[in-house]
Amino acid sequence: MPRVELRFHGRGGQGAVTAAKIVAAAAIMEGRYALAFPEYGAERRGAPVVAYTRIDEEPILEREPILEPDVVVVLDPSLDPKVYMSGLKSDGILVINTKKTLDQLSEYIGRAGFRPPRCIALVNATDIALKHLRAPIVNTAMLGSLIKAARVVSLDSVIEKVRETFGERPHVIEPNIRAIEEAYNSTQVICS
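Take the sequence shown: its letters are residues 160 to 351, numbered as in my numbering.
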């Protein structure tokens with residue numbers, strides 16, 4: 160698999176940084192090289208957060224922010240599309256937490272001055288997180304959607320890394336795994 164670069168957009172408290180790290184850890188477990196790192200603005204709950212993950216078959220030397228990602232994962236649908244669509248490759252994949260239909264989302268992105276990318280993955284991760292976690296912490300649901308849309312790592316690898324990540328809090332492991340699986344199964348992927 161060639162290098163893949165992912166950019167996660169969310170708000171503080173939604174788990175964007177944790178999601179980026181879980182994907183990187185899953186890739187490493189699968190025998191590839193990976194690097195995940197955050198970019199913070201004002202470090203407070205609710206402030207915009209961007210996190211990055213690079214995955215490659217070769218060692219990764221770059222530590223710069225990813226300006227032209229292959230995949231963008233949007234955890235918070237209220238974020239400005241001018242921010243999250245910026246630099247997304249035309250043949251890239253947008254994975255977004257939304258209640259919008261494809262037509263509504265395409266119109267919304269168009270009003271911001273962007274053309275929809277080749278593939279869009281729609282999932283209502285907020286409702287899934289509320290159902291399983293009883294909180295709008297959407298990162299694990301978005302991992303399920305990401306795996307369905309982009310297949311950058313396997314679902315089994317992500318689940319194993321979630322078990323490791325939340326190992327000190329066993330009461331949250333199974334709800335997070337259920338959120339991943341439901342999001343994976345309910346994500347609508349549309350490619351042009």
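Beta carbons: idealized from backbone N, C-alpha and C, even for Gly.
Item                                                                                                                    : Value
Residues of its chain near ARG322, where Cβ-Cβ distance is below 8 Å and the 5 sequence neighbours each way are ignored : ILE332 and ILE336
Same chain, Cβ closer than 6 Å to LEU339, five either side skipped, listed in chain order                               : In the sequence as displayed, the identity of residue 339 is Ile instead of Leu. Counting only Cβ-Cβ distances below 6 Å, and skipping sequence neighbours, we find THR299, LEU302 and GLY303.
For GLU274, the residue or residues it bridges with in DSSP                                                             : This sequence places Arg at residue 274; Glu is not what is there. The partner list for ARG274 (beta bridge, DSSP) is empty, contrary to what the question assumes.
Pick from MET244, LYS248 and ILE252 that is closest to ILE268, judged by C-alpha positions                              : MET244
First through last residue of the beta strand (DSSP E) which encompasses PRO207                                         : 207–215
Straight-line Cα distance separating ARG213 from THR324                                                                 : 19 Å
Cβ pair count under 8 Å reaching 3, the stretch 248–267 against the stretch 221–235                                     : yes
Cβ contact check for the stretch 311–320 and the stretch 283–293: 3 or more pairs under 8 Å                             : no
SER351 beta carbon less than 8 Å from that of ARG293                                                                    : no
TYR267 CB to nearest heavy atom of the ligand FMN below 7 Å                                                             : Only the bare structure without any ligand can be found here, which leaves the ligand FMN out of the picture.
Coarse secondary structure for ARG402, derived from DSSP in three states                                                : Since the first residue shown for the chain is 160 and the last is 351, residue 402 is missing from the structure and cannot be characterised.
Contact belief for LEU264 with LEU247 at Cβ below 8 Å, rounded distance in angstroms                                    : Not a contact, Cβ separation roughly 13 Å.
Beta-carbon spacing of ALA193, ALA178 below 8 Å                                                                         : no
With 16 other Cβ atoms within 10 Å as the buried cut-off, status of LYS180                                              : buried
Rounded C-alpha distance that separates ILE279 from HIS330                                                              : 33 Å
Cβ neighbours of LEU261 in the same chain (closer than 7 Å, five flanking residues each side left out)                  : ILE279, LEU281 and ILE349
Three-state secondary structure (DSSP) of ALA284                                                                        : helix
Where LEU226 falls, given that 16 or more other Cβ within 10 Å makes a residue buried                                   : exposed
Residues that GLU164 bridges to, as DSSP identifies them                                                                : ARG213
Other residues of its chain near ALA195: CB distance less than 6 Å, five sequence neighbours each side excluded         : ALA179, LYS180, ALA183 and THR212
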